[in-house]
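Asks: Using mature numbering (1 follows the signal peptide of the UniProt record, and there is no 0), the letters of the sequence shown correspond one by one to residues -17 to -1, 1 to 147.
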Amino acid sequence: MRLLGAFLRLLVAGALGAPPAPAPEARGTASAEPPVLTFREIWNRSFCRPLEQLVDVITEFPNEVEYIFRPSCVSLQRCGGCCGDEGLRCVPVETSTVTMQLLKIKPNGEAPYVEMAFTEHKQCECRPRQDLMRLGRRRSKGRGKRRQDKKRRKDCELCGTPRR
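1) Would you list the residues sitting across from residue 39 in a DSSP beta bridge?
2) Identify every residue that forms a DSSP beta bridge with residue 51.
3) With 16 other CB atoms within 10 Å as the buried threshold, where does residue 23 fall?
4) Taking the straight line between their C-alpha atoms, what separation do you get for residue 49 and residue 42?
5) What residues match up with residue 73 in a beta bridge as DSSP calls it?
6) To the nearest angstrom, report how far apart residue 16 and residue 39 are at their CA atoms.
7) Is the beta carbon of residue 56 less than 7 angstroms from the beta carbon of residue 86?
8) Cα-Cα, which of 65, 69, 101 and 77 is closest to residue 107?
9) Quick check on residue 148: does DSSP put it in helix, strand or coil?
10) If you draw a straight line from the alpha carbon of residue 80 to that of residue 92, how long is it in whole angstroms?
11) Are the CB atoms of residue 90 and residue 60 within a distance shorter than 7 angstroms?
12) Pull up the CB-CB distance for residue 29 and residue 66, whole angstroms please, since I reckon it's below 8 angstroms.
Structure (structure tokens):
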């Protein structure tokens, strides 16, 4: 019966947008435990949205690997979080460019300040995964190759000379 009551409180609280009321047993006891985060708070924190991420400069500029950058990584807003379905992924729908001043250390020891442009994500959305969509439409790789191998083996067996 307590389980049914707790479920009904949770259902009503979700419908009204209010945090669920504590169970009757917990009201009278005072404890030093931190408050429990509600489902709605957890959902909002983990859902697809722009999040601050540290991005390696070399990952963004792979053609500049011969240089050392200071700092070696920069803080950018990038899409992250959960979409609630394996068939969806969190992707940027609005981006902007931010220019940052970095120290670019050259192999000869010269170290000028340079301005580098990075892409930041402003708005994110859950969209169908392209890799999963392609998999469903394609034939499996190697199917035709197996047939060719069988034909070669038969030809080899007929003439008696081993192939490969």
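Using N, Cα and C, we set each Cβ at its ideal position, and we do this for glycine too.
Replies: Let me lay it out:
1) 56
2) In DSSP, residue 51 forms a bridge with 88.
3) exposed
4) 13 angstroms
5) 109
6) 38 angstroms
7) no
8) 77
9) As displayed, the chain neither begins before -17 nor continues past 147, which places residue 148 out of reach and without an answer.
10) 29 angstroms
11) no
12) That belief does not hold up - the Cβ atoms of residue 29 and residue 66 are roughly 10 angstroms apart, past 8 angstroms.
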